[in-house]
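FYI, in mature numbering (1 follows the signal peptide of the UniProt record, and there is no 0) the residues of the sequence shown are -25 to -1, 1 to 667.
Here's the structure, in structure tokens; my notes come after.
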Amino acid sequence: MFRQFAFSAVAAMLAASASLHPAFAEDPLPARLAARPDIPAADRYMTPVDMVELRSIGEVSLADDGQRAIVTMTHADWAEDERADRYWVLDIASGQLSYLSGFDEADTVAFSPDGRMLAADQPPEGRKEDEVFLANADGSDLRRLTRHPTAVQSMSWSPDGQFIYYLATDDLSDEQRDRRDRVELIEPYFETTRHRHLWRVDVDSGARQRMTQGDWSVRSYDVAASGAVLIRIAPAADLDSAYDSELWISETPEPGGQFRRITANNWMESNARLSPDGRRIAYKARVSGDGLDYVQNNLVVIDLETDESRILTEGFDFEVDGMAWLPDGETLVVAVQAGVRSGLVRIDAETGEVTALSLHDRHLADWSLDAAGNAVALFETPATNGDLWRITADGAETRLTTIGAATVAPYHLPEQQLIRWNSHDGQVIEGFYFPPLVHTGDGPPPLVVQAHGGPRSADEFGMWKWGRYVPVMTAQGYGVLWVNYRGGTGYGDAFMQAMHGTYFAHADRDVMSGVDYLVETGRADPDQLIMSGWSAGGHMTNRLITTTDRFRAASSGAGAVDWAVHHLTSDTRQARRLLFGADAWAEGALESVFQPQSLLRDLYRVTTPTLIFAGEDDERVHPSQSIMLYQALRNLGVETRLYLAPGEGHSFSDLSHRLFRINAELDWYARHLGREAYEWQPLPVDPEDEED
């Protein structure tokens, strides 16, 4: 039985700041969300429960007129053991925030182009599959529009407001359903037998129209103001098939109409967008001018009148994350990640000229563009876990909210110090050091290294990933190191390609050189080092415990030890295929590529006490990888413990599992550093008492 809290610490804090309702009621925010001059000063240290249940702004979607936005607020629902979203309408000019009741189960809520209506995809009462619902702009008169036999996905308005487009998986025929229920009682593994196609529904009549049909799946689509429809199709709906997708277009779409093929390039055209006039297509792809595919995402533009395709961002260090056309059809607003920061730039579709709009020391978490080309962006910084800013087409910025700042203001927060050092071969590496908030003793503090996942990613300004829990870690007296090691994004193609072919050609030494730098500068005790990471960070942890005994303890989450088995048991092979340039089943590849690089062959060297986590249902990095690591260390006599979280996939989603992981890691670290015993923090509600 867990000890029960009267109410959560974060709820008490938010009540004191008058920004959020302390009881997590149906209407958890007041009617006004505006800049707050009276944000309270920090007066306490963050606990694991605080970190897990931090409220945050999740997503933002602007109305075409730019006057209002749909904003999601995410909070902890301990009774359901999950993060829950609530939808709000934010008036941009006044800061007035209106709660949208009836949309709590929606995946998407969007204004109609004229701003008079809302559309949402959410399940009707008593069903799990989403349908399209309509409501007035204030959320009133909510009514069901579709009765589709399978779940509605990826809903959006047509630019003229006449239709709502969506994707849906093909339904089973009566014969197929009967055979499934009476004969084929076990479904084949991994096979995708039903395709996903594009539909639209008439807003006035409710009539559904099937727009595509064929032995292939629509992965995504876009509808231009001209009426043209762009689709990205692939042979199937699995992840690997996405890499074989191509773009097709119909300038005058009709149900079952003809689409013509635009691309035939064997790479994945993500986030494809038609220009408003239908003359150009922009998309992002992992491709370079010389045909290399293990590169950063670049911006590609196709001129539909000449069929010319050009890569506009080749040679830039930043990676393209997404884009939207400005009304003139000549320019794009593009989200980019450049090293330790991300933001928005403007790119001329003809010349490729890049102009920075908003690229500062912060992380761009979400953004949306209105019909005039003005954006609302959600930025995270070391001092806020997410606030909204309005960015005009010429780059002028206005802060719209301080809700994220108010959420974290009562806590003492560590400084996020940008650091640079030279790796083993002279390559300059960037990272972050977070000094401890509390440190006793005369010498340098203990250091926890947290390797990022991906590996196609990077650490940026802002520290609000629950799995890193830096404010909690530093409050426990640890310094924390993040390293943007080679193979990651935001530093150019050569930096990324340093991992191609040989995964640990440099990346592990990039991390260890960062540790050495902090030791040499007196910021880390060389005898009090800890290694940790999740996914690719777990790969890194598993690598380093086989190459050094400098770490007193380690925590490995969803990490691999056998590249060949990982390649064959994951839900996607393409990621490893791009990394290693081979498949495990290819002649000679097992012996020449996968086995020499697999950590399994070096596990006999491990002496570091290692804590291991995995989700029982992880399809990305199969839990067998963690089981292999555990059994090897256990039989080698190395202290180890494995936790397989039931019902979890590649990352933990249940609040209780998140809290458990933080508790278990802090306990493991304290014990193996010989520190005072860590006191586990219990769930803030009794899991057996639903009233709490």
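Here a beta-carbon is modelled for each residue, glycine too, at the ideal position from N, C-alpha and C.
Keep in mind the model is a prediction, meaning the values are calculated, not measured.
- DSSP lists Arg19 as the bridge partner or partners of Tyr386.
- Taking a contact as a CB-CB distance under 8 Å, the pair Arg527 and Trp538 does not count as one, their CB atoms being some 28 Å apart.
- Annotation for Glu106: no alpha helix (DSSP H) segment contains it, though the beta strand (DSSP E) segment containing it runs Glu106 to Asn111.
- Under the 10 Å beta carbon count, Gly314 is surrounded by 16 or more other beta carbons and is classified as buried.
- Nearest in C-alpha terms to Thr382, of all of Leu109, Phe436 and Thr49, is Thr49.
- The Cβ atoms of Arg91 and Phe108 lie no closer than 8 Å to each other.
- Counting only the Cα atoms, Thr187 lies some 12 Å from Thr144.
- Counting along the chain, no beta strand (DSSP E) covers Ile637; the unbroken alpha helix (DSSP H) around it starts and ends at Leu630 to His647.
- Nearest to Arg316 by alpha-carbon distance, out of Ala126, Ser333 and Leu554, is Ser333.
- In the structure shown, the three-state DSSP call for Arg580 is helix.
- Cβ contact annotation for Pro99 (same chain, cutoff 7 Å, sequence separation greater than five): Glu106 and Arg119, in chain order.
- By the Cβ test, the stretch 149 to 159 is not in contact with the stretch 120 to 140, since fewer than three Cβ pairs between them sit closer than 8 Å.
- Note on the stretch 339 to 405: whole beta strand (DSSP E) runs with a minimum of 3 residues are 350 to 356, 359 to 366, 372 to 374 and 392 to 397, in chain order.
- Judged by DSSP in its simplified three-state form, Val486 adopts helix.
- Listed in chain order, the non-local C-beta contacts of Val413 below 8 Å within the same chain comprise Tyr20, Thr449, Ala450, Gln451 and Gly452, local neighbours out to five positions each way being set aside.
- Met92 is bridged by DSSP to Asn111.
- Take Gly556, set aside five residues on each side of it, and the residues of its chain with a beta-carbon closer than 6 Å to its own are Gly476, in chain order.
- With three or more CB-CB distances shorter than 8 Å, the stretch 497 to 515 counts as touching the stretch 419 to 435.
- Asp56 sits close to Ser631, with the two beta carbons spaced by under 8 Å.
- Between Ala212 and Arg171, the beta carbon gap of about 6 Å places them in contact (Cβ cut-off 8 Å).
- By the neighbour-count criterion, in which a residue is buried when 16 or more other Cβ atoms sit within 10 angstroms of its Cβ, Gly649 is exposed.
- Taken through DSSP and simplified to helix, strand or coil, Asp215 comes out as helix.
- When C-beta atoms of the stretch 390 to 407 are compared with those of the stretch 34 to 45, fewer than three pairs fall below 8 Å, so the two segments do not count as touching.
- Secondary structure remark: continuous alpha helix (DSSP H) runs of at least 4 residues inside the stretch 584 to 624, in chain order: 599 to 611.
- In the three-state reduction of the DSSP assignment, Trp538 falls in the helix class.
- Under the three-state reduction of DSSP output, Thr49 falls in the strand class.
- In the three-state reduction of the DSSP assignment, Arg337 falls in the coil class, being assigned neither a helical nor a strand state.
- For Val445, the uninterrupted alpha helix (DSSP H) run begins and ends at Val445 to Ala450, by DSSP.
- For Ser507, the closest alpha carbon among the candidates Trp457, Pro411 and Asp345 is that of Trp457.
- For the pair of segments examined, the stretch 339 to 357 was found to touch the stretch 376 to 392: the number of CB pairs separated by less than 8 Å reaches three.
- Of the residues assessed, Leu611 falls on the exposed side of the cut-off, its CB having fewer than 16 other CB atoms within 10 angstroms.
- Following the DSSP letters along the chain, one finds Gly465 in no beta strand (DSSP E), marked with neither H nor E.
- Cβ contact annotation for Ser73 (same chain, cutoff 6 Å, sequence separation greater than five): Val64, in chain order.
- Beta bridge pairing from DSSP links Trp560 with no other residue.
- With contact defined as three or more Cβ pairs closer than 8 Å, the stretch 271 to 279 and the stretch 339 to 351 are not in contact.
- Counting along the chain, Asn273 sits inside no alpha helix (DSSP H); it lies in the beta strand (DSSP E) bounded by residues Asn273 to Asp278.
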